[in-house]
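Chains as they are written, first to last, in full-length UniProt numbering: chain Z, 1 to 439; chain U, 1 to 439; chain D, 1 to 439.
Heads up, the beta-carbon is just placed ideally off N, CA and C, and yes, glycines get one too.
A short write-up of the structure that comes next.
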Amino acid sequence: MSFKTAPAANMAEIAAMVERREVGYSLESAFYASQEVYDLDIKAIFGQHWIFVASEAEIPEPGDFVTIEIDTQSLIITRDDDEQIRAIRNVCRHRGSRLLEDPCGSIGNIVCPYHQWTYRADGELMYAESQSPSFDKSKFNLKQVHVRTVGGLIFICLADEAPADFDEVASVIEPYLRSYRISEAKVAHQTDLVEEGNWKLVMENNRECHHCDASHPELITSYFPFLRYSEEDVTPRMRPTYERYLAATANLDNVCSINGVPRELRHELDTRPTGFMIMRLPLDGDGASFGPDGAQVCRKLIGDVTTPQFGDLSLHMQPNSWFHFLSDHVIVFTVLPIGPDRSLVRTTWLVHPDAVEGEDYTIEGLTGVWKATNDQDRVLVEKAQRGVTDPSYVPGPYALVEDDVESFINWYVRRLHDYLEPHRESAERLGHLNAVAAQ
Amino acid sequence: MSFKTAPAANMAEIAAMVERREVGYSLESAFYASQEVYDLDIKAIFGQHWIFVASEAEIPEPGDFVTIEIDTQSLIITRDDDEQIRAIRNVCRHRGSRLLEDPCGSIGNIVCPYHQWTYRADGELMYAESQSPSFDKSKFNLKQVHVRTVGGLIFICLADEAPADFDEVASVIEPYLRSYRISEAKVAHQTDLVEEGNWKLVMENNRECHHCDASHPELITSYFPFLRYSEEDVTPRMRPTYERYLAATANLDNVCSINGVPRELRHELDTRPTGFMIMRLPLDGDGASFGPDGAQVCRKLIGDVTTPQFGDLSLHMQPNSWFHFLSDHVIVFTVLPIGPDRSLVRTTWLVHPDAVEGEDYTIEGLTGVWKATNDQDRVLVEKAQRGVTDPSYVPGPYALVEDDVESFINWYVRRLHDYLEPHRESAERLGHLNAVAAQ
Amino acid sequence: MSFKTAPAANMAEIAAMVERREVGYSLESAFYASQEVYDLDIKAIFGQHWIFVASEAEIPEPGDFVTIEIDTQSLIITRDDDEQIRAIRNVCRHRGSRLLEDPCGSIGNIVCPYHQWTYRADGELMYAESQSPSFDKSKFNLKQVHVRTVGGLIFICLADEAPADFDEVASVIEPYLRSYRISEAKVAHQTDLVEEGNWKLVMENNRECHHCDASHPELITSYFPFLRYSEEDVTPRMRPTYERYLAATANLDNVCSINGVPRELRHELDTRPTGFMIMRLPLDGDGASFGPDGAQVCRKLIGDVTTPQFGDLSLHMQPNSWFHFLSDHVIVFTVLPIGPDRSLVRTTWLVHPDAVEGEDYTIEGLTGVWKATNDQDRVLVEKAQRGVTDPSYVPGPYALVEDDVESFINWYVRRLHDYLEPHRESAERLGHLNAVAAQ
């Protein structure tokens, strides 16, 4: 940690980079590698927007909690005695000690390990020993941040004022998610993977499947290769596969119609503060899940789902999460920044609450494909990080099929632009002064 | 290492934090976590004040030495041929090589391992090969810093001009220490423990026992729980213990009187540059030492001590040391800063020179309680470091029983205030300029 | 990575240190330890001068490559289909991924592992999928840097305009190197050693043998101790050795004359941008190589060499390399900066292409002395790094026999002086402003 001696000069430099960013091209090196941009990202992106942190399935009972770290900020996500979900700063109000260290667990009250200040699960200070008679307990409750759930997914916002469009987004995506009953699901497995790359490179990697053919041999057996294809792109050699794709599409249309679940693509990745995209894709082979050739990986279907051929419901949320909802399980992913060149990818697999390990599913069978996929992506992200840190790197053009990467970067650049607005004039003034001095 | 591009701006920012510090509250986050404050601490605290570095028992013979590192500064503490104790900069005057790497040992001359420049144990350059005829040997002696001893404890000061009140402090505490004859003692054991926390959090932790009940199960068996209690605080349930406490106190008064050793508390922790506190406490149970229930841990009493019931003579020195003098051994502690979030705690156990390991004491029996206590404290300090680095942390109120923590912080803040005095006006000017630019 | 908020202020500070550097003394601490000077070294030294990176022996066939890292810059040194040696930036022009990770290998085309952009071995972009119709392939070839070879040694220059005196230097040293036929040699062994010291301390260590007697017991058995001695320096005790030295010198003169190879010392270490020194020394004992007492370490002589008593041809190149050419093998050394206090020393042993391991040489026999010597030097460099980082360090006087260290530092300081020339006036202006503010 370091306080900034010339934040205004930094802001001016970053603002200039934001303004000169060329559409359709990757970002300048400093966006992926500098401490200054990273610090701004923590404030302007992770400090201002709705961040997916966990699913309700992880804290089913009052007192259950998970802790989550966003850079140096630690938060307790818990369900209080009234079953209300809370997001509480994990910092004692006495001398600042971290309160809970475990990644998850269950508590009655929150008791500080240092001098036993004792808080209720909703953050209220109950007891503090040896304070002066004038001590006003009510001024030392744990700090809370905004929290919202949609379809069993928990989002928090660290800002004083959270983006207002979350409710609108929630109302759009909730009908898609309802069938899966996430809040009642069971956590089958969770992994934390550290990638030596900037969080934006992790996200860019997730936002395109242009690299899938060469890098994800396990994953691609479930997918048809026709995303963004039109009829005339189909070569004769591809024809049999394309026929399968058309049949699977028609079947998925039918299933959605029968079950009364929405089918259409909603693509609002860079047109609003709470950017998102949701779509349902038919799968190849068995058409059920991420097993080999689309095979089912859990015998018990999840939630209210009644047929294995329910497709892959894919949800992308800006800035840091994505989700796959299959007929038999759900996978949720969240990217948590650790440093300019370091990120954590947390992946959680959810199944029906009655699904029994060893009987309905195995950990290996359920998680194998995405464990492999995550690790393959880690290797690519790390190569990209090393490359963009090379001073000879210059931004390059995204491919046509990388349009959602462009959407992500558009969204990001727009957020920085807006965040820097109030500082722009003075920043430019200082930038001008520096430029003069440096001539 | 980095040279500072805008030290004046840093100074202004720190000076502002110093001035706005609220009495009775912990410090702002940057004091515990920023590189800039850490760099200032090294200059303004460790570079200006008397620092405890070792006991004379560690260098009994001429040529014996210990090396000590204060941030990136290495010093050789040695006894020269005239038995005078010296503190010498561990840097060759030729091309700057570190001279001695071992933590302790014995030397004749100090010979540089690189090109064999040879110095006497008092730092005088004796020999340098292949220098030009005009080379003036007398200009290349090793640099020395101030050194003083009191009761066998060695203090150094890196400043050009050392705080003048050391002699006064020494004359106060020397009569307390005399009985233990530290300079003739034997080093039974020494440990170096790295704690991932700012040195001030390590000191704050040491300056209160508010956390002892919950965190130090071994240590508390030796202590009465009545420090700072008055008669009316004693509940009926505590009455039998309190009766034991009164008896032990009376006995200790008696022992001190018979032995002609001072008994009264001297509390000057934040009223002078060389802040200190010395007090003698009766112990519970056997009343002798830090064994289980106050049991003796070395069969041979130390120095001139004639009775096991000699209490715990406890000495606190600002900024970085504390000491426990028991009837059968002495423990000395020094905290050495390594980085903003990293500190070394060196603990040394001393016994009577004739005490024989395995016969009079065992390492485990002698050191067990404080090894456990140090490690328990490390865990607490590290939780505190993680917490105060969280941007949501704000200073909180010290408890009434944390008054010596407040004394430590008061002393510290006052030292920074004084140190920054000469820079304040220009710092404020620059701070003002920056504030204008950042608007 | 960090972008600099006040580069002009840094430049001013460094420029001032450059100007006040005292001739004959080691550099100020910041030159060896600060991030700011390190960053400038990467630009002003490694970014502007000819850097030795590999020998042709390492890439004998078209498609063979080695990768090399200079700070965060990665380069591919390869031989293209026309046998021309290329130095190519190891950064994909699409989204910046590192292309080749292996330290060496062989390729047909260069295919990016991320999205399979495909380049020819000369860097030309052949194929990029899914780009827009307006995409102009010819604008996205891999970037190349200057490359030159002399006597089989490959040098690159990262600057737009490379120092023009390289050809002149090459024409001087090429006749010395010719006999060894490096481009046809075989790589017998290569080691990478990380030293926790600034690259300039590694170079300073290499530029003198004042430390050899005490630190390199293996190496010194091959050398006469008379470098820079005159007749009158020889003591009676040294006389027999000196007689051997005179005989070996006369024999070496004779061998050089017979073989028509240049014998004289060329010392241009600090008089030109491409500073160098080349000299041939007779060896003691068997007079052949770096085995015990000058013993041969490879039965087959290298290149066109016809006699074991061919001396040690020693080449020093600024800023980062040195070479020993023996009758039976060649050793090349290059120092690559990793950080202010971290450097890589790459050492490569070359032998005759027909020399067979286990028959003509063993790895242990061939490399033992310099593996030991490198590691002994690492220890010294690390002691020096710790010492010069101590705030009590001040520059000290080089010994008379450290004149090539002085030459290295002279060359370095002159390069910084020239590089900072265009920035000096504005830097001074800003430095003045800061000085005013800090008063």
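A residue is called buried when at least 16 other Cβ atoms come within 10 angstroms of its Cβ; Ile363(Z) does not meet this threshold and is exposed.
Rounded to whole angstroms, the Cβ separation of Leu283(Z) and Gly294(Z) is 4 Å, and the two are in contact under 8 Å. In this chain, the beta strand (DSSP E) harbouring Ile51(Z) covers 51–55. Within the model, the alpha-carbon separation for Val91(U) versus Glu406(D) is close to 20 Å.
A distance below 6 Å between beta-carbons, with the five flanking residues on each side excluded, links Arg93(D) to the following residues of its chain, in chain order: Phe140.
The alpha-carbon separation between Lys186(D) and Ala54(Z) amounts to approximately 58 Å. Here Gln116(D) carries a coil assignment [DSSP, helix/strand/coil].
Burial is judged here by how many other beta carbons sit within 10 angstroms of a residue's own beta carbon; Leu227(U) has fewer than 16 and is exposed. Per DSSP, the continuous alpha helix (DSSP H) segment holding Asp253(Z) begins and ends at 239–259. Selection Ile258(D), Leu265(D), Ile331(D), Thr348(D) evaluated against Thr307(D) yields Ile258(D) as nearest (Cα-Cα). For the pair Ser179(U) and Asp304(U), the CB atoms are nearer than the 9 Å cut-off. The beta-carbon distance between Leu99(Z) and Ala87(Z), rounded to whole angstroms, is 14 Å. This is too long to meet the 8 Å contact definition.
The segment 64–128 of chain D contains, as complete beta strand (DSSP E) runs of 3+ residues, the segments 64–70, 73–79, 85–89, 104–106, 125–127 (chain order). The beta carbon of Thr307(D) does not come within 9 Å of any beta carbon belonging to chain Z, so the residue lies off that interface.
Cβ contact annotation for Asp64(U) (same chain, cutoff 6 Å, sequence separation greater than five): Arg79, Ser106, in chain order.
Secondary structure at Asp312(Z): strand, using DSSP grouped into helix, strand and coil. Where Gly287(Z) is concerned, there is no enclosing alpha helix (DSSP H), because DSSP gives it neither an H nor an E.
In its chain, beyond the 5 residues on either side, Val194, Glu196 have a beta carbon closer than 7 Å to the beta carbon of Arg342(Z). Counting the other Cβ atoms within 10 Å of the Cβ of Asp71(Z) gives 16 or more, which makes it buried.
With 16 or more other CB atoms across the displayed protein chains lying within 10 angstroms of its CB, Met11(U) is buried.
No Cβ of chain Z is located within less than 9 Å of the beta carbon of Ser407(D).
In this chain, the beta strand (DSSP E) harbouring Asp192(U) covers 186–195. In chain order, Val91, Cys92, Gly96, Ser97, Arg98 make up the part of chain U whose C-beta sits under 7 Å from the C-beta of Gly387(D). Rounded to whole angstroms, the gap between the alpha carbons of Glu421(Z) and Glu13(Z) is 14 Å. Under DSSP, Ser407(D) forms no beta bridge with any residue.
Taking 9 Å as the cut-off, the beta carbon of Ile156(U) is found closer than this to the beta carbon of Val147(U).
The three-state secondary structure of Val394(Z), taken from DSSP, is coil.
Between the alpha carbons of Leu177(U) and Leu350(U) lies a distance of about 13 Å.
In this structure, the beta-carbon distance from Glu56(U) to Ile182(U) falls below 9 Å.
Judged by beta-carbon spacing, Pro397(Z) lies within the 9 Å limit of Ser132(D), meaning their Cβ atoms are closer than that value. Nearest CB-CB separation between Tyr398(U) and chain Z: below the 9 Å threshold. Residues of chain Z whose Cβ lies closer than 7 Å to the Cβ of Tyr393(U) are, in chain order, Val91, Gly96. Of the candidates Asn374(Z), Glu268(Z), Arg299(Z), Tyr119(Z), the residue whose Cα lies closest to the Cα of Ala355(Z) is Arg299(Z). Taking CB atoms only, Thr72(Z) has a neighbour in chain U less than 9 Å away.
With respect to the C-alpha of Phe333(D), the residue from Gly339(D), Pro340(D), Gln318(D) having the closest C-alpha is Gln318(D).
Scanning chain D for C-beta atoms nearer than 8 Å to the C-beta of Asp390(Z) yields Thr72, Gln73, Ser74, Arg89, Asn90, Val91, Gly96, Arg98, reported in chain order.
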